[in-house]
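Remarks on the structure that follows.
In my numbering, the protein residues as written are 216 to 447.
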């Protein structure tokens, strides 16, 4: 009897062991495969700031047109210049941005046609801050072209006469059209080319030989610039 009991206990223990390992194997077979946990990257790209600045060299090329009201056949011309320029942009989205350009230059005013004998009439400094709304195309990789349109308010200051004893060019509003592109070297630095057309026609008043004359200077300058872009 003792031998039979021992044999039965041994058989039960073996059966229990087989059932235990069989259940574990079945559970392992049914367990879903888990995706390996990716290694944590040492660095993540930070989101770009909406702010951007550019520094450009800017050529100011004026349209030589205008007249003196009281002198038939009169004309005007203006000196061109090259100046440094700073512009500040704010991106509302990846595509839409606002840009403010800041720069100042001097311009000489010359008599032409019927008043060509006057030569240099006078000189004025020009501050033409211009605000444009831009659309940026984002489907060309590092090459990022844009177009824009906006308004301009030009301030004329430090004015002086040459042939004229007095020169007063009036501050005025104008409009602007723009086209350009950035070529980004990395997430922050890039190269920029930009062209703007300002429609700017201020009125003026000048005194020559004791007589006061009025008229309109049709400047309508091109602003052609190239420089460096930095996106914060």
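From the three backbone atoms N, C-alpha and C, an ideal C-beta is built for every residue, glycine too.
Suppose the cutoff is 6 Å on Cβ atoms and the five residues either side in sequence are ignored; what does the same chain contact list for residue 444 look like?
The answer, listed in chain order, is 269, 397, 405, 407.
Of the residues 340, 344, 394, which one's Cα is nearest the Cα of residue 294?
Looking at 340, 344, 394, the one whose alpha-carbon comes closest to that of residue 294 is 340.
Does the region 321-337 come close enough to the region 279-295 to have 3 or more Cβ pairs within less than 8 Å?
Contact holds between the region 321-337 and the region 279-295, because three or more Cβ pairs, one in each stretch, are under 8 Å apart.
Three-state secondary structure (DSSP) of residue 332
Under the three-state reduction of DSSP, residue 332 is assigned to helix.
Taking a contact to mean a Cβ-Cβ separation below 7 Å, would you say residue 362 touches residue 384 in this structure?
The beta carbons of residue 362 and residue 384 sit no closer together than 7 Å.
From 332, 347, 354, residue whose alpha carbon lies closest to that of residue 290
Measuring C-alpha to C-alpha distances from residue 290 to each of 332, 347, 354 identifies 332 as the nearest.
With residue 301 as the anchor, note down where its beta strand (DSSP E) starts and where it stops.
Where residue 301 is concerned, the enclosing beta strand (DSSP E) starts and stops at 296-306.
Starting from residue 385, follow its DSSP beta bridges and name the residues at the other end.
Per the DSSP secondary-structure output, residue 385 pairs with nothing in a beta bridge.
In the DSSP assignment, find the unbroken beta strand (DSSP E) run with residue 378 in it and report its ends.
Element bounds for residue 378: n/a, residue is neither H nor E.
Rounding to the nearest angstrom, what Cα-Cα distance links residue 329 and residue 359 in this structure?
So the two alpha carbons sit approximately 48 Å from each other.
Rounded to the nearest angstrom, what separates residue 388 and residue 350 at their Cα positions?
Straight-line Cα distance between these residues: approximately 23 Å.
Leaving out the 5 sequence neighbours to the left and right, which residues in its chain are closer than 6 Å to residue 411 when beta-carbon positions are compared?
Cβ within range, chain order: 391, 393, 438.
Do you know how far the Cα of residue 262 is from the Cα of residue 433?
Going by the C-alpha atoms only, they are around 45 Å apart.
Rounded C-alpha distance that separates residue 308 from residue 418
Just so you know, the alpha carbons of residue 308 and residue 418 end up roughly 39 Å apart.
Using the C-alpha atoms, what's the distance from residue 327 back to residue 288?
Spanning the alpha carbons of residue 288 and residue 327 requires a straight line of approximately 9 Å.
Status (buried if at least 16 other CB within 10 Å, exposed otherwise) for residue 427
Counting Cβ neighbours within 10 Å, residue 427 comes out exposed, since fewer than 16 surround it.
Rounded to a whole number of angstroms, what is the C-alpha to C-alpha distance between residue 192 and residue 369?
Look at the range of the chain in this structure, 216 to 447, and you will see that residue 192 is not part of it.
May I ask which residues mark the beginning and end of the beta strand (DSSP E) holding residue 351?
Residue range 345-351 is occupied by the beta strand (DSSP E) that includes residue 351.
Residue 343 vs residue 317 beta-carbon contact at 7 Å
In this structure, residue 317 does not lie closer than 7 Å to residue 343 by Cβ.
Should residue 183 be labelled buried (16 or more other beta-carbon atoms within 10 Å of its own) or exposed?
This structure cannot speak to residue 183, because the chain is shown only from 216 to 447.
Where residue 313 and residue 378 are concerned, what is the direct C-alpha to C-alpha distance, given to the nearest angstrom?
Going by the C-alpha atoms only, they are around 42 Å apart.
Assumed close pair residue 371, residue 386 - CB separation to whole angstroms, cut-off 8 Å
About 6 Å separates the two Cβ atoms, so the contact holds.
Just how far apart, CA to CA, sit residue 279 and residue 431?
The C-alpha of residue 431 is placed about 12 Å away from the C-alpha of residue 279.
Which residue marks the beginning of the beta strand (DSSP E) containing residue 440, and which one marks its end?
Here the beta strand (DSSP E) through residue 440 covers 437-446.
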